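Under our numbering, the final residue of the sequence shown carries the number 211; numbering is consecutive throughout.
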Amino acid sequence: MNHLAHLRLANPSDEARLGNLLGDFVKGCLTNHSHSYSPVILQGIQTHRDIDQFTDRHPVHGRSRQRLQPPYRRLAGIIIDISYDHFLARHWHHFYANSLDQFIDDIYQLLQRDRDRLPESLQRALPMMIQHNWLGDCRTMAGVDRTLARVARRFKRPTCLATAGQEVRQHYDDLEQDFLAFFPALMHYAEEVQRDL
């Protein structure tokens, strides 16, 4: 899953949300990071990893990846995760009572307040993230295109990722139905792994 889903699937505490976001930035054995982050943040990072593993192994997510044609299939995990954030934003009111805009505003306030605890790369990106509303931008396909292009720039070699929006559009209805079948199972899983925290 991408950033919006990880943040929303986290337990509703600031540190749990930070940890779930940092899962994309903090690498390696978590015990090596115990001097930098609290136990709750470390558990959030582990939850992020557990959610990614569940997602990658789930047959519905696999079906979504298989819908994409070569050469996009090689990057299908990234493309589907970003498109699933798009569908989460579009169907937010089906899954959560609070508004998407309020949730995103709360996250940006949290990240600004705890900026010093963020990895350096995220600190550098934060002003642009807020200015261009990266979390909310995914609710439109134009925003999906921008996200894919932004991720493509992180690769050292050229990829087809920046043009993958056309592939999402081609399979849009099927991917949306996949998401709607998958996300309730992911919500249940996230609740289970965080229940005793």
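We treat Cβ as the ideally placed atom computed from N, Cα and C, and that holds for glycine. Nothing here was measured: the structure is a model prediction, and the numbers come from that model.
Looking only at its own chain, which residues have a Cβ that is under 8 Å from the Cβ of Leu-77, when we skip the five neighbours before and after it?
-> For the record, residue 77 in the displayed sequence is Arg; it is not Leu. So the list reads Asp-192, once near-sequence residues are dropped.
Three-state secondary structure assigned by DSSP to Asp-70 = helix
With 16 other Cβ atoms within 10 Å as the buried cut-off, status of Ser-48 | exposed
Candidates Gly-150, Arg-79, Asp-66, Asn-112: which alpha carbon is nearest Gly-37's?
-> Restricting attention to Gly-150, Arg-79, Asp-66, Asn-112, the CA atom closest to the CA of Gly-37 is found in Asp-66.
6 Å CB neighbourhood of Ile-55 in its chain, flanking five on each side removed | Glu-29, Leu-32, Gly-33
Counting pairs of beta carbons, one from the region 114-130 and one from the region 161-180, are three or more of them closer than 8 Å?
-> no
7 Å CB neighbourhood of Ala-176 in its chain, flanking five on each side removed | Leu-162, Ala-163, Ala-166
8 Å CB neighbourhood of Gly-91 in its chain, flanking five on each side removed | Asp-70, Arg-79
Indicate whether Leu-82 and Ile-96 have their beta-carbon atoms separated by less than 8 Å.
-> The Cβ atoms of Leu-82 and Ile-96 do not sit closer than 8 Å to each other.
C-alpha distance - Leu-212 paired with Asn-112, whole-angstrom precision = Any property of residue 212 remains undetermined from this structure, which presents the chain solely from 15 to 211.
When His-100, Pro-133, Phe-109 are compared against Leu-23, the one with the closest alpha-carbon | Out of His-100, Pro-133, Phe-109, Phe-109 has the C-alpha closest to the C-alpha of Leu-23.
For Gly-179, does the three-state DSSP call read helix, strand or coil?
-> Gly-179 carries a helical assignment under DSSP once its states are collapsed to helix, strand and coil.
Under 8 Å between the Cβ atoms of Asp-99 and Cys-174?
-> It is not a contact, given that the beta carbons lie outside the stated cut-off.
May I ask you to report which of helix, strand or coil DSSP gives Gly-76?
-> Helix at Gly-76.
For Pro-198, the first and last residue of its enclosing alpha helix (DSSP H) | 186-208
Take the Cβ of Asp-159 as the centre, count every other Cβ of all protein chains shown within 10 Å, and call the residue buried at 16 or more, exposed below.
-> Counting Cβ neighbours within 10 Å, Asp-159 comes out buried, since at least 16 surround it.
Nearest-angstrom Cα distance between Thr-74 and Pro-26?
-> According to the sequence shown, residue 74 is Val rather than Thr. Cα to Cα, Val-74 sits roughly 27 Å from Pro-26.
In chain order, what residues of the same chain have a beta carbon less than 8 Å from the beta carbon of Ser-135, not counting five sequence neighbours either side?
-> Non-local C-beta neighbours of Ser-135 in its own chain, meaning closer than 8 Å and more than five positions away in sequence, comprise Phe-39, ordered along the chain.
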